[in-house]
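A.B. asks:
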């Protein structure tokens with residue numbers, strides 16, 4: 210270990226579904242290296258993000274706090290400057306903490322008036338992380354690399370545009386990118402991660418390797434665009450009933466988010482196939498990376514966490530992209546490999562304990578022997594990795610959706626302060642309460658596909674009451690306490706104890 | 210007007226009950242000058258604070274935001290440095306914004322590591338306010354004044370200690386303070402306020418005149434200690450039933466907060482009488498101040514707001530001090546005098562529209578022609594002062610109680626993250642939901658004194674369901690948006706409108 214301390218490699222993909230690994234039984238996509246990581250660590254099948262869109266999901270991972278606490282509930286809402294991030298925690302502990310890829314971070318204009326929200330995500334590393342290589346899909350380093358590799362300027366200008374023949378009869382996602390596989394953003398970022406590790410020296414390091422793919426556009430370099438036969442793509446999880454008696458938000462939102470294209474069978478088949486190709490491409494490069502790490506003696510002294518910022522519908526529920534109500538957006542892949550011998554007993558296991566994005570930071574801190582302060586709202590997974598399992602593990606996960614930024618609420622006439630939803634999801638139920646539109650309840654025992662909203666069914670009235678109390682209690686138990694320096698638990702009490710003589 | 214602009218005088222007393230003004234029909238206490246102010250302005254009978262203890266209540270007034278948004282939910286929890294206060298808003302607008310008295314503000318240690326929470330309240334003016342004269346009950350200027358007036362050092366050392374004869378047969382509150390009426394903190398702060406106004410010159414000013422009284426200790430200078438006959442003190446609002454089947458928090462908390470003393474009739478009679486004396490003392494000095502203002506031509510160019518940070522039980526519900534569930538703590542006196550002719554039509558009215566502490570800041574900004582940004586969570590009362598009344602006025606008020614700092618939850622074994630309560634109070638009901646102890650529901654139609662908790666009565670099940678939804682919706686509609694720079698309402702939309710051709 211570097212100075213006896215673990216390194217941390219926190220790998221994030223963008224918009225990757227939880228079901229898209231062979232290890233969890235996907236019928237088509239092959240991910241041998243992620244499977245290998247899982248067989249050497251623990252794969253959590255029920256990991257959920259607390260917001261299913263890039264910016265706020267990532268802010269939850271990075272701060273270890275819910276959206277209402279870190280106050281960055283959507284993409285262009287800057288993270289307040291007083292929010293500590295993974296970079297700060299590890300930097301404060303003497304680590305070299307760096308970013309290779311995307312964070313969707315926007316600097317706080319209250320501190321830096323020149324900060325431009327729409328530009329920030331491209332130019333600025335997450336506060337606390339050294340900007341080793343930035344890439345949100347158009348990273349300047351990658352574009353410069355494309356130019357240096359001889360591609361025409363127009364390729365660097367619009368790297369994900371594909372050339373389609375004049376008589377094209379297939380969806381654009383069938384066609385290869387103009388850059389070759391060895392020059393993709395995925396390949397480039399992997400090379401840059403290896404360069405970081407190579408030059409990191411003796412200090413322990415924290416590296417956030419954050420791939421842009423398989424985020425849209427769903428186009429892949431050859432051969433990944435044709436690796437999978439569209440004929441093999443599994444059919445989307447959706448029913449006609451969903452559109453016959455839809456929740457009022459569903460139909461306009463699916464239009465706004467491009468879901469209608471997936472009504473066409475040729476389109477969903479092809480896009481799914483290319484989507485799987487992008488995932489296998491990532492898996493190939495992770496194979497390269499893991500091999501490199503083993504070669505350099507880094508495999509045994511690096512904690513690895515692999516996940517995604519949210520999922521992707523690719524036609525499920527008649528939807529494209531993310532957000533809305535469903536597990537396909539909120540459930541994410543999640544693998545942890547703790548190299549320490551105390552984690553040997555669980556290698557290769559798959560666990561169903563509920564995980565929240567907020568758990569990553571305390572898990573990394575705990576594994577590295579660092580303090581996890583009370584402001585963090587998640588839990589360390591290390592006890593689970595050690596094979597311990599108290600009855601006290603969480604029974605449900607929560608999410609917080611702020612959607613006042615879209616065309617759909619405008620069309621529906623929902624005032625912006627009423628564009629909010631809270632989710633609680635346990636073993637049996639998925640419940641969304643909204644302050645400006647009808648609730649959503651799925652009985653996952655009888656409807657695991659989340660196709661029938663039973664929120665209006667009187668037989669579930671007591672269930673809904675109970676779930677609402679749990680939502681309130683969740684919020685009340687997780688208020689910000691960044692400025693609370695003591696409670697009765699941490700100090701004898703306020704004044705004299707009135708209950709003794 | 211100063212440069213054509215209104216001045217603002219924001220007067221706050223500490224721990225003053227809403228019912229303690231002759232104007233609202235109190236049987237004993239006389240407040241002719243507050244009555245006069247009310248007859249020349251509007252008195253709001255249903256003004257509620259959003260936290261019923263000094264620090265967090267004041268932070269709500271000063272920031273115009275709920276405790277969960279300004280993140281300062283209790284006395285020693287510093288206000289984060291990125292929270293703008295009244296001082297900032299008015300200072301930014303070219304006002305001279307100053308403090309004369311108490312704010313219970315603690316500076317943010319994340320910005321100033323040397324800040325000491327327990328000391329802060331004594332030494333630091335609220336961020337944004339010029340520290341014209343500080344006084345939380347032991348203000349150094351007042352103590353120096355006492356010394357300069359020839360009092361013994363021990364008087365300045367412990368100004369509110371009274372001398373009781375060896376054979377004292379009355380409660381300490383019967384006895385006069387050792388300082389004379391003309392040297393009380395109330396007198397001194399009034400003099401200092403007048404000195405401020407005298408020297409303020411041509412700039413418009415914002416003055417927060419914040420009296421320490423009638424906060425405990427309940428002792429008053431002669432003749433105020435004996436102005437009212439204890440025999441005339443109205444009996445407390447309480448019933449034996451309250452203690453026979455009490456809410457689990459009630460009995461230990463009343464012990465912790467000194468309520469047991471008020472079980473004794475002699476004690477509640479005397480303390481109420483002295484408490485009323487302190488209020489009349491304040492009223493006398495406000496009379497002096499208002500006269501001074503009229504004399505100086507300031508009466509017609511100053512907006513005046515009078516209120517208190519919370520109430521006081523003085524034996525109601527077997528309690529002393531503040532907090533817990535009841536209106537006696539949350540309902541506060543509230544008078545606004547807007548000198549402009551547009552407010553002439555409502556002078557002398559009493560209104561029952563629900564007011565929250567958060568309304569003070571937008572009201573002052575609105576009256577002064579200044580912008581009220583979206584981060585403010587209250588409403589301007591100016592339309593009501595102008596006699597307008599849309600049907601859109603709020604139907605309920607809310608509060609947020611964080612009590613993880615006391616001995617009572619420790620004794621009851623309530624974990625600190627479960628020491629939270631949310632209140633909604635409308636025309637008919639007062640409801641408290643707690644995440645760590647039983648709920649409280651009062652049916653104010655049948656139980657206006659709040660003596661019978663009906664939260665467990667199945668006949669109220671639907672009512673409670675509805676109130677819980679309103680609590681969730683309140684929270685969801687009032688999330689922090691300090692970093693939100695646009696919503697669909699303030700900008701055309703994100704990208705292209707998908708609902709047009």
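Residue numbers (my numbering), protein chains in the order written: chain A, 210 to 710; chain B, 210 to 710.
Note that the Cβ used here is the ideal one computed from N, Cα and C, for glycine as well.
1) Within the 9 Å Cβ cut-off, does residue 345/B reach chain A?
2) With a cut-off of 8 Å, do at least 3 Cβ pairs link the segment 676–688 of chain A to the segment 626–643 of chain B?
3) Of all the CB atoms in chain B, is at least one closer than 9 Å to the CB of residue 229/A?
4) Taking contact to mean at least 3 C-beta pairs separated by less than 8 Å, is the segment 454–471 of chain A in contact with the segment 362–369 of chain A?
5) So with Cβ pairs under 9 Å, would you call residue 639/A a contact of chain D?
6) Among all the DSSP beta bridges, which residues are the ones paired with residue 640/B?
7) Return helix, strand or coil for residue 214/A, following the three-state DSSP convention.
8) Should residue 668/B be labelled buried (16 or more other beta-carbon atoms within 10 Å of its own) or exposed?
9) My understanding is that residue 419/A touches residue 304/A, with C-beta atoms under 8 Å, so please give their C-beta distance in whole angstroms.
10) Going by C-alpha to C-alpha distance, which of 602/B, 528/B and 353/B sits closest to residue 538/B?
11) From the DSSP output, in three-state form, read off residue 330/A for me.
12) State buried or exposed for residue 516/B, treating a residue as buried only when at least 16 other CB atoms are found within 10 Å of its CB.
13) Check each residue of the segment 605–617 of chain B: if its Cβ is closer than 8 Å to any Cβ of chain A, include it; give the result in chain order.
14) Sort 422/B, 376/B and 353/B by Cα distance to residue 226/B and report the nearest one.
15) Going by DSSP, what residue range makes up the alpha helix (DSSP H) through residue 268/A?
16) What does the alpha-carbon distance come out to for the pair residue 514/B and residue 397/B?
17) Please name the residue, chosen from 306/A, 351/A and 565/A, that lies closest to residue 340/A on a Cα-to-Cα basis.
18) For residue 442/B, which residues from the same chain have a beta carbon less than 6 Å from its beta carbon, with the 5 sequence-adjacent residues on both sides left out?
19) Considering only DSSP beta bridges, list what residue 540/A is partnered with.
20) Does chain A have any CB closer than 9 Å to the CB of residue 260/B?
21) Runs of 4 residues minimum, wholly inside the segment 387–441 of chain B: which ones carry the alpha helix (DSSP H) assignment?
22) For the structure I just gave you, are there three or more beta carbon pairs, one from the segment 428–439 of chain A and one from the segment 381–388 of chain A, closer than 8 Å?
23) In the DSSP assignment, find the beta strand (DSSP E) that holds residue 625/B and state where it starts and stops.
24) For residue 306/B, name the three-state secondary structure that DSSP assigns.
25) Using Cβ-Cβ distances below 8 Å, what residues of the segment 449–466 of chain B are close to chain A?
26) Would the beta-carbon of residue 476/B fall within 9 Å of that of residue 250/B?
27) Quick one: is residue 630/B near chain A, going by C-beta distance under 9 Å?
28) Do residue 393/B and residue 521/B have their beta-carbon atoms positioned less than 9 Å apart in this structure?
29) Taking the alpha-carbon positions, what's the residue 689/A to residue 247/B distance?
30) With a 10 Å radius around its C-beta and 16 neighbouring C-beta atoms as the bar for buried, classify residue 566/A as buried or exposed.
31) Look up residue 563/A in the DSSP assignment and say whether it is helix, strand or coil.
32) How would you list, in chain order, the residues of chain B whose beta-carbon sits under 7 Å from the beta-carbon of residue 280/A?
33) I want to verify the contact list: residues of chain B whose CB lies under 9 Å from the CB of residue 642/A, in sequence order.
34) Which first and last residues belong to the alpha helix (DSSP H) in which residue 483/A is found?
35) Please classify residue 572/A: does DSSP put it in a helix, a strand, or coil?
36) Say whether chain B places a C-beta atom closer than 9 Å to the C-beta of residue 222/A.
C.D. replies: With the structure as the only source:
1) For this step, residue 345/B is matched to residue 136 along the second chain. No, because no Cβ of chain A sits closer than 9 Å to the Cβ of residue 345/B.
2) yes
3) For the purposes of this step, residue 229/A is taken as residue 20 along the first chain, with counting starting at 1. No, its Cβ sits nowhere closer than 9 Å to a Cβ of chain B.
4) no
5) Of the protein chains in the structure, A and B, none is chain D.
6) Mapped onto the second chain, residue 640/B falls at position 431. According to DSSP, residue 640/B bridges with 633/B and 650/B.
7) Position 5 of the first chain holds residue 214/A. Residue 214/A: strand per DSSP, three-state reduction.
8) For the purposes of this step, residue 668/B is taken as residue 459 along the second chain, with counting starting at 1. Answer is exposed; the Cβ neighbour count stays below 16.
9) Along the first chain, read from residue 1 onward, the residue named residue 419/A stands at position 210. Along the first chain, read from residue 1 onward, the residue named residue 304/A stands at position 95. At roughly 17 Å, the Cβ-Cβ gap does not stay under 8 Å, so residue 419/A and residue 304/A are not in contact.
10) By 1-based counting over the second chain, the position of residue 538/B is 329. Checked all of 602/B, 528/B and 353/B; the closest Cα to residue 538/B is 528/B.
11) Stepping through the first chain from its first residue, residue 330/A is reached at position 121. Bear in mind that a pLDDT of 49 at residue 330/A, under 50, signals an unreliable position, so the model cannot answer this.
12) Mapped onto the second chain, residue 516/B falls at position 307. When all chains shown are included, residue 516/B counts as buried.
13) 611, 613, 614, 615 and 616
14) For the purposes of this step, residue 226/B is taken as residue 17 along the second chain, with counting starting at 1. Checked all of 422/B, 376/B and 353/B; the closest Cα to residue 226/B is 422/B.
15) The sequence position of residue 268/A within the first chain is 59, counting from 1. From DSSP, the alpha helix (DSSP H) with residue 268/A extends over 263–272.
16) Residue mapping note: residue 514/B aligns to position 305 of the second chain, counting from 1. Residue mapping note: residue 397/B aligns to position 188 of the second chain, counting from 1. Rounded to whole angstroms, residue 514/B to residue 397/B spans 20 Å at the Cα level.
17) As a first step, residue 340/A must be located in the first chain, where it is residue number 131. Per the Cα distances, 306/A.
18) Locating residue 442/B in the second chain gives position 233, where the first residue counts as 1. The residues are 478, 481 and 482.
19) Counting from one through the first chain, the residue named residue 540/A turns up at place 331. Note: residue 540/A sits in a beta bridge opposite 257/A.
20) Translated into positions along the second chain, residue 260/B becomes position 51. No, its Cβ sits nowhere closer than 9 Å to a Cβ of chain A.
21) 394–408
22) yes
23) Indexing the second chain from 1 puts residue 625/B at position 416. That residue, residue 625/B, is in no beta strand (DSSP E); it is neither H nor E in DSSP.
24) Indexing the second chain from 1 puts residue 306/B at position 97. Reduced to three states, the DSSP call for residue 306/B is strand.
25) 461, 464 and 465
26) Here residue 476/B refers to the residue found at position 267 when the second chain is read from its first residue. Here residue 250/B refers to the residue found at position 41 when the second chain is read from its first residue. No.
27) In the second chain, the residue the question calls residue 630/B occupies position 421. Closer than 9 Å: yes.
28) Counted from its first residue, the second chain places residue 521/B at position 312. Counted from its first residue, the second chain places residue 393/B at position 184. Contact: no.
29) Working through the first chain from its first residue, we reach residue 689/A at position 480. Working through the second chain from its first residue, we reach residue 247/B at position 38. Near 39 Å, if we compare the C-alpha coordinates of residue 247/B and residue 689/A.
30) Position 357 of the first chain holds residue 566/A. Looking at its Cβ environment, which holds 16 or more other Cβ atoms inside 10 Å, residue 566/A is buried.
31) As a working mapping, residue 563/A is identified with position 354 in the first chain. Looking at residue 563/A - three-state DSSP - the assignment turns out to be coil, as it is neither helix nor strand.
32) Position 71 of the first chain, counting from 1, holds the residue named residue 280/A. Result: 689, 691 and 692.
33) Taking the first chain and counting its residues from 1, the one referred to as residue 642/A is at position 433. By Cβ distance, chain B contributes 678, 681, 682 and 685.
34) To locate residue 483/A, count along the first chain from 1; it is residue 274. From DSSP, the alpha helix (DSSP H) with residue 483/A extends over 474–504.
35) Here residue 572/A corresponds to residue number 363 of the first chain, with the count starting at 1. Three-state DSSP puts residue 572/A in a helix.
36) To locate residue 222/A, count along the first chain from 1; it is residue 13. No - not a single Cβ of chain B is within 9 Å of the one on residue 222/A.
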